Every structure is written in structure tokens, then in C-alpha cells.
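Residue numbering for the sequence shown follows UniProt numbering, starting at 1 and increasing by one per position.
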Amino acid sequence: MVPLKRRKVNCSVTSDSSGDRTSKFPGVVIYLLERKMGASRRAFLTRLGRGKGFNIEYSLSCSITHIVSENNSGEEVRTWLDLQTGGQGREGGEGRTARPGSVHLLDIVWYTESMHAGIPVIILDRHRLQEREKPGLELAVVSVPSYACQRHTPLLHHNITLTDALSILAENAELGENEGRGVAFRRAAALLKSLPQEVRGAEQLRGLPCLGEHSLRVIKEVLEDGVSHEVETTTHSEQFKAMKALTGIFGVGAKTADRWFKEGIHTPSDLQRSGHTLNRAQRAGLQYYDELNLPVTKSEAVAIGQIVERAVHAVLPGAEITLIGGFRRGKQTGHDVDFLITHPDEGREEGLMPKVVSWLEAQGFLLYQKTTGNSYLESKEGPARPASNMDRFERCFSIFRLSTDNEGREIQTGNGPQTYSPTLTNTDPHTHSESPHPLPQTLVVVGDHAQKVSWVLGHSQCSGPRSWRAVRVDLVVSPYSQFPFALLGWTGSKLFERELRRWAVHEKAMTLSSHALYDRKRVHTLSQTHTRFQYSSGSFLTNNRYVEWVRGLGFV
Ligand code: 8GT
Ligand code: MN
1 MVPLKRRKVN
11 CSVTSDSSGD
21 RTSKFPGVVI
31 YLLERKMGAS
41 RRAFLTRLGR
51 GKGFNIEYSL
61 SCSITHIVSE
71 NNSGEEVRTW
81 LDLQTGGQGR
91 EGGEGRTARP
101 GSVHLLDIVW
111 YTESMHAGIP
121 VIILDRHRLQ
131 EREKPGLELA
141 VVSVPSYACQ
151 RHTPLLHHNI
161 TLTDALSILA
171 ENAELGENEG
181 RGVAFRRAAA
191 LLKSLPQEVR
201 GAEQLRGLPC
211 LGEHSLRVIK
221 EVLEDGVSHE
231 VETTTHSEQF
241 KAMKALTGIF
251 GVGAKTADRW
261 FKEGIHTPSD
271 LQRSGHTLNR
281 AQRAGLQYYD
291 ELNLPVTKSE
301 AVAIGQIVER
311 AVHAVLPGAE
321 ITLIGGFRRG
331 KQTGHDVDFL
341 ITHPDEGREE
351 GLMPKVVSWL
361 EAQGFLLYQK
371 TTGNSYLESK
381 EGPARPASNM
391 DRFERCFSIF
401 RLSTDNEGRE
411 IQTGNGPQTY
421 SPTLTNTDPH
431 THSESPHPLP
441 QTLVVVGDHA
451 QKVSWVLGHS
461 QCSGPRSWRA
471 VRVDLVVSPY
481 SQFPFALLGW
491 TGSKLFEREL
501 RRWAVHEKAM
511 TLSSHALYDR
521 KRVHTLSQTH
531 TRFQYSSGSF
541 LTNNRYVEWV
551 RGLGFV
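Okay, here's the thing in C-alpha cells:
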């Protein structure tokens, strides 16, 4: 047995106000682990300690110096701590450990002796939690929260092979419109993403939630054979390949794709040859198929953000624009770019979208757009409304024309040299704009993959490399009072949102939508006052810690 090393606590665990409390012993900030200790004993011990001048905090934060637990093994506390910090507190991890110090993991004995002495006693080996010399394969079975929204789920995690396999099965289920099955695979994948270490044997997963029989079977197979037979069969199946290719066309859902597949249409080229009548979205989707299936990079998202900001500010100065969706979660690429727009003076945002769209069209930035109005009525859409991620905001689904610089230069704005090829001016018969496109202002972004566009559908009419690419962009406008809910709802991921709403209903008897949070017991809506409070605190706007934001609303 060796003592657990002092490990660092990630500052981002919580934005607690620790350190504010006056303490007789500066430099000693204690956190009592409630696990196995129980809430009432913890509260008692906290009162006792504080009465003696000790600084005891209720939330884990980077200012904690001593974590004290009772009846927990070293492995259990280590796993618990890793789950809180996403493994970033581990030695050798790339944690964003803001505090240079690290934390002692101690047994309750140290605490009781300190209480007796009235001062923090010197830490001896017998006070430290012990762990086995070789941690071995077994993941200590700790209580992993069963709702994905309660867990830390990092983008970079330890079980990519397993989650890739499960994601393919989830995608296949979704394409087959088997939503329940899709969600089950997504939940299992999300659980694996949250684990602090690589799973090497199925026995390590004993006692963990969210792992159904089917998912466990797949995991086991991948662990033992390196691949899952079912995953292999799926990825090679004609139907899966065709459904993926056809739903990859903007404006085409699983139902339509399935109908076409049954008619023998397997690829976008088959569809084009088929002579099927397509709607405006599908025509645009087919026309820009290759580009829209290239990942959008962060730099492209930023460039589009600048265009959107110019458009919005031109028609409504003072409006606020926030990048949402996957990019807000820290992803470096996405399939589209999502923006949420609001204005601090409630009501000023009304009618904003058509003006923004007109501005963008006049500047030649839009290849396609479809706008839907705001149909949210609080009186009608109250608690009875089912928890769904579909909302009623004013919204614009669009395809942007983003200029790219073939030299690989950084973004430029303003009246720089035109890089746009005049031969391509408004040759798109499906563009929504009635008027001819003027040349777009030059807004050049380095397209990491601008030259990789292959144009299999043969729509490129230029001989040289094209100087722009098509990018899917979603714009959403929310009234200021609903902004926090919209921000939460549109940041994703889809599973996180689903889990958060499920948790609200089942655990808190509340209904959360992208418009409001309802207390079903009291049947009142958490209102603007709460949201304004959160605005001034600034925490949810700058962090991705939504659960904390929800906590700020008194949700937990
Ligand atoms: P990506 O990188 O593939 O674009 O990933 P993403 O940004 O996470 O996915 P997305 O499909 O662009 O959706 C962004 C977020 O918006 C997701 O969390 C999704 O749940 C949410 N979302 C929709 N549609 C709607 C809607 O109608 N209302 C609300 N509130 N959220 C929606 O996709
Ligand atoms: Mn997105």
C-alpha cells in the first residue's frame, strides 16, 4: 500500500466563492466528501469545523487543499475525484490546473484529531488515504450519475474505439427511425466518454449505469476481438451507406431517403439522374453536396460570425450574437455553424430576422435561406408542453457563401481585392434571392480544405480553384428574457439536452424548454429576474458549465 499522491484539483470544477470565508488557518481549505458520510453528518462536521475557525467549503474548487472522506477507499476517492475533474487532476494529465498547489486526500481521522487539537494537525501517513500499489484493471465502482447531464463528458476521452463503434450503431438506428435504440447507444457512448480511464475489460464496467445488454455485447466484442461484427456489417451494408449519403443532402430526412433507397437511388448522383422533383432546400443541398459534407472549421465559423455580426449590427445596433452548437462546446469542426441573436431591450429583436436576411442577400452572402417566424406563446406553451428540443424561435436555415483565400491567408474584411470569380455570379438557379447577386464584399478566410472540394456533381463551372465555399448556417433569434434557456438549449449536444430535460421532469418535477423553466409543482415560470441575475454573474455566459447555471436557478 502506498499513500495517494497529492493531486491537483481542476479550477473549473466550480466557481465557488471559497476563500472568502475568514479562517484561523489560511492555507487550509477543507472539503468533506459526502459520499458514504451522508449529508447530515457532513453538515454537522462542517458546523463543528467552522465553529473552530476552520475554512470548510461545500463545493469542490481549485482553492481546496484537503479532501476528507469517511469509509471510502483510496481508489474510490481517486475515481470520484477524476470524475469531477474529467481525469485532469491525475498526474501526467494535461489538466488546466489553475492552482499551483495540490490537494491532500485524507481520512476522517485527520479531521477528528484536528478538531480535538483545535488546529490542523500535521499530516502523517496514517492520515492519508491508501491505494493499492498497482491499481490494476478494475475501475472502482463508484456511483456514476445516470443522467448524462450530471457528468463531465470531455471531447477528448479515453474510449474512442468503443464510442466510435456505438455511434455507428446509434446512427444506423436513427437512420432506421428507431429513436429509442439510437438513444440507448448514444447513452452508452456518453457514459464511456465520461470515464476517467481506458476500459480494458468488460468487468470494469460492472455496476455502471446506461449500459444496456446490446451495448455491453458490442463493447465486449470490441474489447476481445478489436472489432464488432455488427458494426462491421453495418458499415458495409448498402442500405447504411445509401441512407448516410442521401440524408447527407441538406433538406433530406430519413423517411425520404428510405423511399428513394427502395426505388434504387443510392447516391446523390443517382438522385440527380432520377429526375425526381426536389424542393428548394433539396436542390440547394444537391448542388452544394460535397462542400456541405466537408467539416466546417473553427476559423470558418469565426469568419461567418463576423459576417453575421456585421449584418445584425447594420440593422439593429446593440444586438448580441453568440456562437452556439458544437463550436460553443469547444469542438474544432462542425457540420454547420449556429448563432443565437438577442437584444438587451426586450422587443427590439422582433422582426429582426427578415432584415438580417435582406442585408445578407444584398451583400451576396446567401446561397439559400428559409426563415420561420417566432411562434412561441407563453400562455399556450406552458407546463403541458412536452420536453422536446424543437423550439418556436424565429429561425433561419441558410447556406452561406464564404469566400476562401487560396493563398491560405488569414481572414480579411472590408474593401480588399475581390477574390470572387465573376464567372460564377448568380448562376445558381435555386438561390432564393430574386435580384441578381452583387459581388460579395471580400471577406476572406483560410479554408483548410478549400481545395479539397471535389465537385463530384459537376456544378463547378470554374476552371481554376474556386474562391468560395458553401457552409450551412443556422440563425436563431430569442427575446432577451428567454436567452439563457435558448443558449442552454442550443449549445447541445443533443443527448445532453435530452438528458437535462429528462432529469428536470423525473428528478425535479420541472419542465425545461429552450424558452423557459417551469416548476410543475408551483406552476410558475422562472422569470426574467432569475435570468438577469445570471447575466450579471456572467458565469453561464463564459463557461460551459450548464449544470451550474441550472443550479444557480435553484434547480437542484
Ligand atoms: P455539429 O458540429 O454537427 O453542428 O453539432 P451541433 O452543433 O451540436 O449540432 P446541431 O445539429 O448544429 O445542433 C445544435 C444544437 O441545437 C443541438 O444541441 C440540438 O439539440 C439543438 N437543436 C436543434 N434543433 C433545435 C431546435 O429546434 N430547438 C432547440 N432548442 N435546439 C435545437 O438541432
Ligand atoms: Mn451545429
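All residues carry an ideal CB built from backbone N, CA and C; glycine is no exception.
Fair warning: this is a prediction, and the values are worked out from it, not measured in the lab.
Asked, Found
"Where in the stretch 301 to 367 do unbroken runs of the beta strand (DSSP E), each at least 3 residues long, occur, reported from the N-terminal end onward?", "320 to 324 and 337 to 342"
"Let me check understanding here. Comparing Cα to Cα, which of Gln272, Gly251, Phe250 and Met243 lies closest to Lys262?", "Met243"
"Between Lys359 and Ala311, is the Cβ-Cβ spacing less than 8 Å?", "The sequence given here has Trp at residue 359, not Lys. Going by C-beta atoms, Trp359 is nearer than 8 Å to Ala311."
"State the CB to CB distance for the pair Arg181 and Ala173, rounded to an integer number of angstroms; the pair is presumed to be in contact (CB under 8 Å).", "4 Å"
"Lys473 bridges to which residues according to DSSP?", "Note on identity: in this sequence residue 473 is Val, with Lys being the wrong assignment. Answer is Val337 and Ser398."
"What's the call for Thr423, buried or exposed, on a 16-neighbour Cβ count within 10 Å?", "Note that Thr423 scores 22 on pLDDT, short of 50, meaning its location in the model is unreliable; the coordinates nonetheless yield the value given after this. By the neighbour-count rule (16 or more Cβ atoms within 10 Å), Thr423 is not buried but exposed."
"In terms of DSSP beta bridges, what is Val29 paired with?", "Asn55"
"Threshold first: 4 residues or longer. Then list the alpha helix (DSSP H) segments lying entirely within the stretch 116 to 197, N to C.", "160 to 175 and 179 to 194"
"Does the distance from the C-beta atom of Leu367 to that of Ala470 stay below 8 Å?", "yes"
"Could you spell out where the alpha helix (DSSP H) holding His214 opens and where it closes?", "Glu213 to Asp225"
"Counting beta carbon pairs with one atom in the stretch 286 to 306 and one in the stretch 254 to 261, are three or more of them shorter than 8 Å?", "no"
"So, is Glu179 buried or exposed, given that buried needs 16 or more other C-beta atoms within 10 angstroms?", "exposed"
"Could you check whether Val121 and Ser114 sit closer than 8 Å to each other, using their CB atoms as the reference points?", "yes"
"Is the stretch 338 to 346 close to the stretch 474 to 484, with three or more CB pairs under 8 Å?", "yes"
"Do Asp82 and Pro196 have their C-beta atoms within less than 8 Å of each other?", "yes"
"Assuming Ser23 contacts Asn55 under a Cβ cut-off of 8 Å, what Cβ separation, rounded to an integer in Å, is found between them?", "4 Å"
"Using a threshold of 8 Å, state whether the C-beta atoms of Gly74 and Leu105 are closer than that.", "yes"
"Give a single yes or no on whether Gly334 has its beta carbon closer than 7 Å to a heavy atom of ligand 1.", "yes"
"Starting from the C-beta of Glu198, find all residues in its chain whose C-beta is less than 7 Å away, skip the five residues before and the five after it, and write them out in chain order.", "His158 and Asn159"
"Among residues of its own chain, excluding the 5 on either side of Glu499, which ones have a beta-carbon nearer than 6 Å to its beta-carbon?", "Tyr147, Ala148 and Cys149"
"Output needed for Tyr58: all residues of its chain with C-beta closer than 7 Å, excluding positions within five of it in sequence on either side, in chain order.", "none"
"Quick one: does the C-beta of Thr491 sit closer than 7 Å to a heavy atom of ligand 3?", "Judged by which ligands are present, ligand 3 is missing from the structure shown, whose ligands are ligand 1 and ligand 2."
"Which class does His276 belong to by DSSP, given the choice of helix, strand or coil?", "coil"
"Report the rounded CA-to-CA distance for Trp503 versus Gly176, giving the unit in angstroms.", "27 Å"
"Select from Phe393, Gly373, Phe365 and Phe397 the residue whose C-alpha is nearest the C-alpha of Arg403.", "Before going further, note that residue 403 is Ser rather than Arg in the sequence given. Looking at the Cα atoms, Phe365 is the closest of the given residues."
"Lys36 by DSSP, collapsed to three states: which one?", "coil"
"Report the rounded CA-to-CA distance for Gln130 versus Ser63, giving the unit in angstroms.", "23 Å"
"Taking 8 Å as the threshold (C-beta atoms), are Gly334 and Val296 in contact?", "yes"
"Using a threshold of 8 Å, state whether the C-beta atoms of Tyr165 and Ser69 are closer than that.", "Just to set this straight, residue 165 is Ala in the shown sequence, not Tyr. It is not a contact, given that the beta carbons lie outside the stated cut-off."
"Less than 8 Å between the C-beta atoms of Ile249 and Gln282, yes or no?", "yes"
"Just the Cα atoms here: how many angstroms apart are Cys210 and Lys193?", "12 Å"
"On a Cα-Cα basis, can you pick out the residue from Lys508, Ser493 and Arg520 that is closest to His152?", "Ser493"
"Check whether the Cβ of Gly326 lies closer than 7 Å to any heavy atom of ligand 2, and answer yes or no.", "yes"
"Please tell me whether Ile30 and His66 are closer than 8 Å, where the distance is taken between their beta carbons.", "yes"
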